[in-house]
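Chains A and B supply the protein sequences, listed in that same order.
Heads up: the first sequence begins at 1 in the numbering used here, then just goes up one per residue.
Heads up: the second sequence begins at 173 in the numbering used here, then just goes up one per residue.
Working notes, beginning with the structure itself.
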Amino acid sequence: MSKISIIIIPLLVLFIVIYGYKQKVNIYNSFLNGAKEGLVSTFNIFPTLIAMVFAINIFLKSNFIEFFLGFLKPLFSNLNIPFDILPMALLRPISGSSTLVIMNNIFEMHGPDSFIGLLASIIQGCTDTTFYVMSLYFGSVKILKTRYALKVGLFADLCGIVAAFVIANLMF
Amino acid sequence: MVNIIWGVLLIIGITYGFFSGNINAINNEIIVSGKKGLDMILEMLPILVIWMGLMKIAEDSGLLKKIANLFYPVLKKIFPSIPKGNKALGFIASNIAVNMMGLGSAATPFGLKAMEELQKINPHKNTASEAMITFLVLNTSGVTLIPTTVISLRMLNHSANPTQIIIPAIMATVCASIGGLTLDYFIRRKNR
Chain A
1 MSKISIIIIP LLVLFIVIYG YKQKVNIYNS FLNGAKEGLV STFNIFPTLI
51 AMVFAINIFL KSNFIEFFLG FLKPLFSNLN IPFDILPMAL LRPISGSSTL
101 VIMNNIFEMH GPDSFIGLLA SIIQGCTDTT FYVMSLYFGS VKILKTRYAL
151 KVGLFADLCG IVAAFVIANL MF
Chain B
173 MVNIIWGVLL IIGITYGFFS GNINAINNEI IVSGKKGLDM ILEMLPILVI
223 WMGLMKIAED SGLLKKIANL FYPVLKKIFP SIPKGNKALG FIASNIAVNM
273 MGLGSAATPF GLKAMEELQK INPHKNTASE AMITFLVLNT SGVTLIPTTV
323 ISLRMLNHSA NPTQIIIPAI MATVCASIGG LTLDYFIRRK NR
């Protein structure tokens with residue numbers, strides 16, 4: 001399995017380049033145009049990320065979670081779920097950049113290849129920010145009554161997070 | 173929503189820091205957090221730039237369009253309420269294809285276009301249609317083949333195998349999509 005994950009990106013790159021040649025695209029120019037867009041979009045997320053690192057790190061350093069949700073700890077250890085993943089699971093549907101910051105903190109504390117590090121990576125990679133997507137997309141066409149949309153969206157997130165945990169347990 | 177959460181995180185963090193005698197750590201965090209954010213961006217930047225460059229080749233050569241076409245038959249089944257030949261399905265397919273390649277921000281315009289088309293065939297203009305909800309569920313549980321930011325942050329923290337999480341993440345995404353679509357299907361059936 002880890003073999004596949006090592007070759008998947010090189011194969012994709014090879015395929016994109018060869019396909020570009022085949023379609024007679026000026027691939028070098030295309031690459032530069034895309035790279036420029038990448039530069040712009042990275043700079044656009046910079047303020048968001050700084051804002052989130054600021055708030056999230058202060059919140060996590062205060063140990064408030066320990067105080068507020070510490071009573072859940074025995075339950076988590078009984079189920080073999082690392083406690084530090086809880087804030088990430090709770091914030092995932094609300095803010096993608098905040099969970100990116102939490103994931104980076106987990107990497108710093110436990111290492112990216114630890115069980116919790118791998119679990120955090122999968123959770124970050126497997127769902128998008130439900131609240132953000134809904135407000136953006138519904139807002140764009142002025143939908144006010146969203147009916148059962150949020151319920152289904154959050155249920156999908158829950159499925160993803162539970163699946164991430166099960167898969168991490170089976171594979172690592 | 174984020175507006176509230178951001179402020180609440182700061183207020184609780186600092187206030188509780190005073191109570192718990194942890195204010196030293198908080199003080200320190202205020203000073204160093206900017207640098208941490210900068211480190212994260214610097215690590216993600218080169219990978220995002222390279223990836224966006226490659227994806228532009230895929231877009232210009234029509235590869236993304238081709239991938240999008242692959243989804244057509246499946247999407248027709250998932251969206252029974254969209255009439256045949258409607259443009260919405262094409263935009264939805266493109267949105268999913270671009271999302272799959274890990275280009276969240278580039279996928280958004282296709283998503284907005286899809287919503288516009290869906291709104292045209294929506295009988296109640298201020299109420300979400302079934303197709304819209306199905307689309308958003310598919311979008312938020314979005315399949316990402318290459319989660320570029322996760323991979324770059326794994327590299328920043330010296331992972332032995334940064335891309336190791338690709339396949340498990342795809343598997344988890346598929347579970348999220350199937351879970352969401354199943355609930356969506358049953359709610360639609362119950363409403364009939």
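In this text, a Cβ means the ideal position worked out from N, Cα and C, and glycines have one as well.
Which residues DSSP lists as bridging residue i, in chain order
i        : result
B/Thr299 : A/Lys145
Nearest-angstrom beta carbon gap, residue j and residue i [assumed within contact, 8 Å]
i        : j        : result
A/Phe115 : A/Pro82  : 7 Å
A/Ile8   : B/Ile338 : 6 Å
A/Val152 : B/Gly352 : 6 Å
B/Ile198 : B/Gly189 : 4 Å
A/Leu118 : A/Phe165 : That pair is no contact at about 11 Å.
B/Gly193 : A/Phe59  : At roughly 17 Å, the Cβ-Cβ gap does not stay under 8 Å, so B/Gly193 and A/Phe59 are not in contact.
B/Ala279 : A/Thr127 : Wrong, their Cβ atoms sit about 15 Å apart, outside the cutoff.
B/Asn267 : B/Gly283 : 5 Å
Where residue i falls, given that 16 or more other Cβ within 10 Å makes a residue buried
i        : result
A/Glu66  : exposed
A/Asn26  : exposed
B/Phe403 : Within the shown structure, residues of chain B are numbered from 173 to 364, placing residue 403 of chain B beyond reach of any answer.
A/Asn104 : buried
A/Leu79  : exposed
B/Asn333 : exposed
A/Phe54  : buried
B/Tyr244 : exposed
A/Tyr21  : exposed
B/Val221 : buried
B/Pro366 : The shown model of chain B, from 173 to 364, leaves out residue 366 of chain B, and the question about it has no answer.
Simplified DSSP state of residue i, which is helix, strand or coil
i        : result
B/Thr280 : helix
B/Ala332 : coil
A/Pro112 : coil
A/Val166 : helix
A/Phe172 : coil
B/Asp356 : helix
A/Ile81  : coil
B/Ile318 : coil
A/Thr129 : coil
B/Ile177 : helix
B/Ser253 : coil
B/Arg364 : coil
B/Arg326 : helix
B/Gly193 : coil
B/Asn294 : coil
Chain E within 8 Å of residue i, Cβ atoms only
i       : result
A/Gly70 : Any reference to chain E falls outside this structure, whose protein chains are A and B.
At least 3 beta-carbon pairs within less than 8 Å: the region 340-360 of chain B vs the region 152-159 of chain A: Judged by Cβ distances under 8 Å, the region 340-360 of chain B makes contact with the region 152-159 of chain A, as three or more pairs qualify.
Three or more C-beta pairs below 8 Å linking the region 295-306 of chain B and the region 324-336 of chain B: For the pair of segments examined, the region 295-306 of chain B was found not to touch the region 324-336 of chain B: the number of CB pairs separated by less than 8 Å stays below three.
Inter-stretch contact (C-beta, 8 Å, three-pair minimum) for the region 284-297 of chain B and the region 139-149 of chain A: The region 284-297 of chain B, when compared against the region 139-149 of chain A, does touch it at the 8 Å Cβ threshold.
Given 8 Å, three or more beta-carbon pairs between the region 252-264 of chain B and the region 98-118 of chain A: Put simply, the region 252-264 of chain B does not touch the region 98-118 of chain A. Fewer than three CB pairs are less than 8 Å apart.
Stretch pair the region 215-234 of chain B + the region 31-47 of chain A: three plus CB contacts closer than 8 Å: With a cut-off of 8 Å, the region 31-47 of chain A and the region 215-234 of chain B count as touching, because enough Cβ pairs lie within range.
Touching by the beta-carbon criterion (3+ pairs, under 8 Å), the region 67-78 of chain A and the region 95-104 of chain A: These segments do not touch.
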